DNA sequence: ATGCTCTGCTAAATCAGTTTAGCGACGTGG
DNA sequence: CCACGTCGCTAAACTGATTTAGCAGAGCAT
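Protein chains in written order, with the UniProt record's numbering: chain X, 1 to 341; chain H, 1 to 341.
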């Protein structure tokens with residue numbers, strides 16, 4: 001790429017000045033005593049030649065590359081990754097940076113490759129992202145420079161960006177309470193593994209905490225809590241069927257994510273029950289499917305783009321070193337209503 | 001990043017040789033007359049020091065960066081992008097390259113920024129990707145180096161990688177014919193804009209061609225063709241309801257994509273019709289939702305990862321300069337059966 | 001003994017920037 | 001009249017690799 005590009009030397013020559021002068025002017029160095037006229041000439045020359053500095057040459061000297069490494073365990077399949085990347089991309093562009101993306105797939109060999117590629121290229125910082133909110137071990141090799149954890153925490157005291165799952169849980173509980181639901185609120189998606197092992201998930205426990213504490217504050221307890229081995233539609237379907245077999249039918253169901261909710265919709269459809277007439281449903285994530293369901297599913301949205309954006313901001317502008325909790329906004333659709341009187 | 005890394009000079013010193021010798025040995029240069037012993041010493045020294053070449057320094061001289069730019073119109077929201085990126089990432093890693101990702105969002109300013117970032121960094125090649133299979137205009141500035149179009153074509157004669165939508169259409173038609181469906185096959189998702197304007201979509205027309213020619217070869221014509229302003233669930237829902245109002249009910253429905261099929265499922269569920277007992281449904285894309293539906297939706301999968309992978313291969317290993325059609329495999333699930341006898 | 005080739009290796013230039021150290025001209029105070 | 005400081009600018013070093021040009025010594029033929 002890059003046909004005969006103009007170099008700094010070309011600019012300097014055209015401006016009738018030295019490379020030093022040109023460099024200083026173009027970098028807006030303070031405290032230099034170059035005349036206003038010299039400034040003009042350099043800018044003009046650079047403009048006329050369409051000059052753009054060679055990043056390799058510059059970073060050889062300065063050790064800065066205006067490049068951020070985005071390392072994640074799994075990039076694809078999930079649109080979650082896409083959102084994180086897009087947010088990061090936007091924020092990076094605003095700060096004149098670019099993203100170098102690598103994926104470890106949780107594989108040690110791939111991780112090593114990613115780390116080496118990053119170190120070889122002297123990136124200015126690393127965003128280490130996980131696809132499921134969880135705790136992970138950061139490879140020590142990258143701790144030499146700035147690191148931000150995205151959708152993850154680690155044993156090391158590194159700045160991290162997380163969705164506010166607990167807040168979302170509270171908000172969801174409040175939403176149901178506000179509609180008048182009380183003692184017949186059920187939950188689908190209990191899962192000890194997810195709740196207890198932070199290396200698997202931080203979201204399950206946080207969401208549950210938010211829900212429970214808010215209900216408890218209103219003097220309400222969950223009617224039942226359906227277990228699910230995974231948070232997939234088929235498990236939501238099964239859990240909902242079990243729920244409908246019980247003597248007391250709930251007035252509202254909280255699903256731990258939208259895929260479970262989708263399964264719940266399927267079971268309710270088969271049972272001939274209507275949402276939200278017979279039962280309200282509310283959930284977490286704002287998977288695209290939430291908007292496609294009939295009726296649309298009310299859900300607390302994972303703020304992917306915000307998170308990706310925040311990660312870059314913390315990395316480049318410096319964070320307070322702690323955790324950034326990004327709020328999960330509630331998407332209000334038609335799946336929640338007041339219970340039958 | 002990168003605490004005191006060893007440089008080539010360090011390696012040379014430790015090996016008791018010149019930088020020249022060290023460089024040649026490590027690059028495996030042919031035709032050099034360095035002794036076997038010199039080779040040993042250099043390798044040993046490099047190993048002991050954990051030497052890794054500085055990419056900036058190297059590329060300053062060689063103009064090679066082992067970096068590929070992945071430019072796309074829209075990265076996020078769609079998991080399609082994720083698949084393309086992941087495939088490209090894998091293939092790049094196998095060839096010791098790394099991906100620099102930028103997004104234009106279809107915005108001229110952003111595109112300019114992306115191009116400049118790419119040129120400044122002297123990437124070895126560019127993958128220009130579109131999220132919807134379509135024809136696009138490649139900015140002339142990147143034509144100085146190797147370019148591969150991914151999921152897109154362009155007026156310029158550039159190598160491109162596309163899904164085989166026409167083949168998929170044919171395969172879908174054959175699948176229905178093989179099950180015994182004949183004169184009562186309907187289609188949902190006609191859309192003149194998509195079919196006629198290659199800048200919007202190449203897929204619509206290709207899929208339709210494949211379907212029609214295969215049916216025609218069997219002496220069959222489509223029963224009806226439902227129009228849809230967009231390929232979203234709500235439009236599939238509406239189209240399916242219209243279809244059900246007609247006197248002859250089809251035995252099978254081909255949806256132009258899975259989101260339409262999802263809408264169709266919703267309409268069928270409401271109408272109390274069962275899939276595939278009353279009606280078979282088949283579709284394109286293999287959106288994750290296809291596997292989540294009850295029954296699972298048979299669909300021709302967009303081969304995202306293969307395509308991303310292929311793009312890198314063509315870029316780096318050299319393609320034949322033409323279009324690479326990547327086959328769309330049929331995911332057989334339970335939504336297709338023989339029509340009622 | 002001289003010239004030649006071949007072997008094994010190295011000094012120095014180069015890539016395109018940034019940064020350090022300092023030079024000549026001018027004005028000014030003693 | 002001279003020392004000194006300020007102004008406006010530049011030469012040269014430096015970053016870490018690759019690459020070109022070429023040197024010293026050995027072996028061989030004449």
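From the three backbone atoms N, C-alpha and C, an ideal C-beta is built for every residue, glycine too.
Keep in mind it's a predicted model, so treat the numbers as computed, not measured.
To the nearest angstrom, how far is it from the Cα of residue i to the Cα of residue j?
| i | j | result |
| --- | --- | --- |
| residue 243/X | residue 150/H | 47 Å |
| residue 104/X | residue 128/X | 10 Å |
| residue 238/X | residue 145/X | 48 Å |
| residue 318/X | residue 9/H | 35 Å |
| residue 223/H | residue 185/H | 5 Å |
| residue 13/X | residue 7/X | 10 Å |
| residue 331/H | residue 18/H | 60 Å |
| residue 138/X | residue 4/H | 20 Å |
| residue 263/H | residue 233/H | 4 Å |
| residue 219/X | residue 337/X | 21 Å |
| residue 194/H | residue 87/X | 29 Å |
| residue 21/H | residue 58/H | 16 Å |
| residue 293/H | residue 202/H | 27 Å |
| residue 36/X | residue 30/X | 13 Å |
| residue 217/X | residue 163/X | 23 Å |
| residue 90/H | residue 102/X | 9 Å |
| residue 54/X | residue 65/X | 10 Å |
| residue 265/X | residue 302/X | 21 Å |
Hey, is residue i's beta-carbon within less than 8 Å of any beta-carbon in chain X?
| i | result |
| --- | --- |
| residue 289/H | yes |
| residue 56/H | yes |
| residue 259/H | yes |
| residue 292/H | yes |
| residue 262/H | yes |
| residue 116/H | yes |
| residue 149/H | no |
| residue 198/H | no |
| residue 163/H | no |
Bridge partners for residue i per DSSP, in chain order?
| i | result |
| --- | --- |
| residue 226/X | 188/X |
| residue 70/X | 101/X, 127/X |
| residue 299/H | 283/H, 331/H |
| residue 25/X | Answer by DSSP bridge pairing: none, since residue 25/X is not bridged. |
| residue 135/H | 153/H |
| residue 163/X | 326/X |
| residue 254/X | 187/X, 282/X |
| residue 373/X | As shown, chain X starts at 1 and ends at 341. That puts residue 373/X outside it, with no answer to give. |
| residue 147/H | 126/H |
Nearest to residue i by CA position, among the options, is which residue?
| i | options | result |
| --- | --- | --- |
| residue 61/X | 23/X, 81/X, 340/X, 245/X | 23/X |
| residue 25/X | 14/X, 43/X, 147/X | 43/X |
| residue 120/X | 154/X, 67/X, 89/X, 84/X | 67/X |
| residue 211/X | 163/X, 170/X, 111/X | 170/X |
| residue 253/X | 280/X, 227/X, 276/X | 280/X |
| residue 106/X | 132/X, 90/X, 118/X, 123/X | 132/X |
| residue 207/X | 193/X, 46/X, 312/X, 173/X | 173/X |
| residue 334/H | 231/H, 179/H, 221/H | 179/H |
| residue 278/X | 248/X, 259/X, 95/X, 94/X | 248/X |
| residue 310/H | 256/H, 160/H, 340/H, 191/H | 160/H |
| residue 260/H | 50/H, 182/H, 216/H, 299/H | 299/H |
| residue 50/H | 301/H, 11/H, 100/H, 65/H | 11/H |
Give a yes or no on whether 8 Å exceeds the smallest Cβ distance from residue i to chain H.
| i | result |
| --- | --- |
| residue 188/X | no |
| residue 179/X | no |
| residue 220/X | no |
| residue 295/X | no |
| residue 122/X | yes |
| residue 159/X | no |
| residue 152/X | no |
| residue 329/X | no |
| residue 128/X | no |
| residue 119/X | yes |
| residue 136/X | no |
| residue 140/X | no |
> Quick one, which residues of the stretch 264-285 of chain H are near chain X if we go by CB-CB under 8 Å, in chain order?
Replying inline: 266, 269
> Relative to chain X, which residues along the UniProt domain "HTH lacI-type" (6-62) of chain H have a C-beta separation below 8 Å, given in chain order?
Replying inline: 52, 53, 54, 55, 56, 57, 59, 60
> Going along the stretch 92-107 of chain X in order, which residues come within less than 8 Å of chain H, judged by CB to CB distance?
Replying inline: 93, 98, 99, 100, 101, 102, 103
>> To be precise: take each residue of the stretch 301-322 of chain H, compare its Cβ to all Cβ atoms of chain X, and keep it if any distance is under 8 Å. Which residues remain?
In response: 304, 305
> Using a Cβ cut-off of 8 Å, which residues of the stretch 235-246 of chain X contact any Cβ in chain H, in chain order?
Replying inline: 237
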